[in-house]
Amino acid sequence: MMDSFSLKHRGHYFIRAILLCCLAFYIMGLNNSDALHYYLAPHMQRLLLLCPIPLLFIAFGMLWHAMMGDSAQICDCEHPLPGGLLKSTGVYGMFAIPLLFGLLLPDQALGSDMAAKKGIVYSFPDPELEHKAKPTAPLVPALSTLDEMFIPRDIYSVEFSELAKRLYALPVIQVDPLIFSETIGAIDMYKEHFADKKIVLQGFVFREEDMPPDSFALTRFLVMCCTADAVPFGVLARGDEVSALEEDTWIELEGTIGVGNVNGEERLQITVDQIRSVEQPATPYIFTHPDSVAAFDAQQ
């Protein structure tokens, strides 16, 4: 005959086992439906996928204690169980409520609403990195000229410098989503040298409240670890017929690189030549790449 002490412990172990099982199956469900990218960067996804099997083993152990163990085995010699219905509900609710939201709400990418809340980021380089381009420079200048044009500020900007040299040699810069932030960062760092170059890139339309009708930000969310740290990363675009574009519309933009002025600061700006609507990519977010130069070379 189980005493009340044993029943209390069995109940807690059973609830914990159920919560761990639900969490493990939820992670596996996200992976099977290819929806993990809505929440985590690729390197974090690999770590998360190591969790379901250990979680199920722990849940099985707790379930066995809840159903088969006796009061001597369920000694609960670790930290004390939450006391009282209110405290127990609060503790387990912190696990159950996020799981319920995850199960009931649709998996979807962040958009303009979140960009407005977080505040869009337009990257721009330190003025010391801006070197005036020679107006007589050929389309593909000599290596020595490229080295003079794209001088890294320090060891941390060497990668951007090397990537900029490769991008400059292209007749039309096709921005690969795999190295989206690095490509825009390299162009922005040396934007005066890239003036009048053609560029093609994809993103969704976002407008800040004070933007004129002929302007918008072509935006992607940059995720470092998870969507909690996602940053709306935008490129200013201007054109004569862009006022009809609705926010959150995914487009492919072809345009000409230039330099604009926003709130007294120089920004990378694209003058729109052509726009076409596209479907939202299977992976709408962009992520940092450990070696953007190697990734660029592999694509060529």
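The sequence shown begins at 1 in UniProt numbering and counts up one residue at a time. Backbone N, C-alpha and C fix where the C-beta goes; we use that ideal spot for every residue, glycine too. Everything numeric in this text was worked out from a predicted model, so none of it was measured.
* Asked: From which residue to which residue does the beta strand (DSSP E) around Gln299 run?
  -> Taking the first residue of the sequence shown as position 1, residue 299 is located at position 299. Here Gln299 belongs to no beta strand (DSSP E); instead the alpha helix (DSSP H) covers 292-299.
* Taking C-alpha atoms, which residue in Phe160, Leu103, Lys8, Gln174 lies nearest to Tyr26? -> Taking the first residue of the sequence shown as 1, we reach residue 26 at position 26. It is Leu103 whose Cα lies nearest to the Cα of Tyr26.
* Asked: Applying the criterion that 16 or more other CB atoms from any shown protein chain within 10 Å of the CB defines a buried residue, is Ala298 buried or exposed?
  -> By 1-based counting over the sequence shown, the position of residue 298 is 298. Classification of Ala298: exposed, given that the 10 Å Cβ count is below 16.
* **Span separating the alpha-carbon of Trp64 from that of Val158** => Within the sequence shown, residue 64 is the residue found at index 64, counting from 1. Within the sequence shown, residue 158 is the residue found at index 158, counting from 1. Cα to Cα, Trp64 sits roughly 57 Å from Val158.
* To do: Report the residue ranges of all beta strand (DSSP E) runs contained in full by the segment 158-208; include only those spanning at least 3 residues, in chain order.
  => 172-174, 198-206
* Would you mind working out which of Phe160, Ser161, Val200, Tyr156 sits nearest Pro177, comparing C-alpha positions? => If you number the sequence shown from 1, residue 177 lands on position 177. Minimum Cα distance to Pro177 is reached at Val200.
* Going by alpha carbons, who is nearest to Met28 out of Leu50, Lys198, Asp113, Ala228? -> Position 28 of the sequence shown holds residue 28. Cα-wise, what sits closest to Met28 is Leu50.
* Check whether the segment 242-251 touches the segment 274-286, taking contact to mean three or more Cβ pairs, one atom from each stretch, closer than 8 Å. => yes
* Asked: Hey, would you say Leu170 sits closer than 9 Å to Glu182, going by beta carbons?
  -> Your numbering for residue 170 matches position 170 in the sequence shown. Your numbering for residue 182 matches position 182 in the sequence shown. Going by C-beta atoms, Leu170 is not nearer than 9 Å to Glu182.
* Asked: Nearest to Val293 by alpha carbon, out of Ser161, Ala24, Leu40?
  -> As a working mapping, residue 293 is identified with position 293 in the sequence shown. Among Ser161, Ala24, Leu40, the Cα nearest to that of Val293 is on Ser161.
* Asked: Where does Val91 fall in DSSP's three states?
  -> By 1-based counting over the sequence shown, the position of residue 91 is 91. Three-state result, Val91: helix.
* Whole angstroms is fine: what's the gap from Phe180's alpha carbon to Ile120's? => In the sequence shown, residue 180 corresponds to position 180, counting from 1. In the sequence shown, residue 120 corresponds to position 120, counting from 1. About 16 Å.
* **Whole-number beta carbon distance between Ala115 and Phe206, since they are thought to touch under 8 Å** => Here the question's residue 206 lines up with position 206 in the sequence shown. Here the question's residue 115 lines up with position 115 in the sequence shown. Confirmed, about 5 Å.
* **Closest residue to Thr288 among Glu279, Val259, Ile184 (Cα-Cα distance)** => Residue 288 sits at position 288 when you count from the first residue of the sequence shown. Thr288 has its Cα closest to that of Ile184, out of Glu279, Val259, Ile184.
* To do: In the DSSP assignment, find the unbroken alpha helix (DSSP H) run with Asp154 in it and report its ends.
  => By one-based count along the sequence shown, residue 154 stands at place 154. Neither: Asp154 is in no alpha helix (DSSP H) and is coded neither H nor E.
* To do: Taking Val259 and Ala217 to be in contact with their CB atoms under 8 Å, please state how far apart those CB atoms are, rounded to whole angstroms.
  => Start at 1 with the first residue of the sequence shown, and residue 259 comes out as number 259. Start at 1 with the first residue of the sequence shown, and residue 217 comes out as number 217. At roughly 16 Å, the Cβ-Cβ gap does not stay under 8 Å, so Val259 and Ala217 are not in contact.
* Asked: How big is the Cα-Cα spacing for Leu167 and Gln45?
  -> The count along the sequence shown starts at 1 and reaches residue 167 at position 167. The count along the sequence shown starts at 1 and reaches residue 45 at position 45. Using only the alpha carbons, I get a separation of about 30 Å.
* Does DSSP put Pro232 in a helix, in a strand, or in coil? -> Counting from 1 along the sequence shown, the entry for residue 232 is found at position 232. Here Pro232 sits in strand by DSSP.
* For Asn31, does the three-state DSSP call read helix, strand or coil? -> Within the sequence shown, numbered from 1, the residue matching residue 31 stands at position 31. Helix.
* By Cβ distance, which residues of its chain are closer than 6 Å to Cys225, with the 5 residues on each side in sequence left out? -> Translated into positions along the sequence shown, residue 225 becomes position 225. Here the set comprises Ala41, Met44.
* Opening and closing residue of the alpha helix (DSSP H) in which Ser215 lies -> For the purposes of this step, residue 215 is taken as the residue at position 215 of the sequence shown. That residue, Ser215, is in no alpha helix (DSSP H); its beta strand (DSSP E) goes 215-223.
* Asked: When you compare only the Cα positions, how much space is there between Met1 and Leu7?
  -> As a first step, residue 1 is located in the sequence shown; it is residue number 1 there, counting from the start. As a first step, residue 7 is located in the sequence shown; it is residue number 7 there, counting from the start. Residue confidence for Met1 is low, a pLDDT of 41 falling below 50, so the modelled location carries little weight; the figure read from the coordinates is stated next. So the alpha carbons of these two residues sit roughly 10 Å apart.
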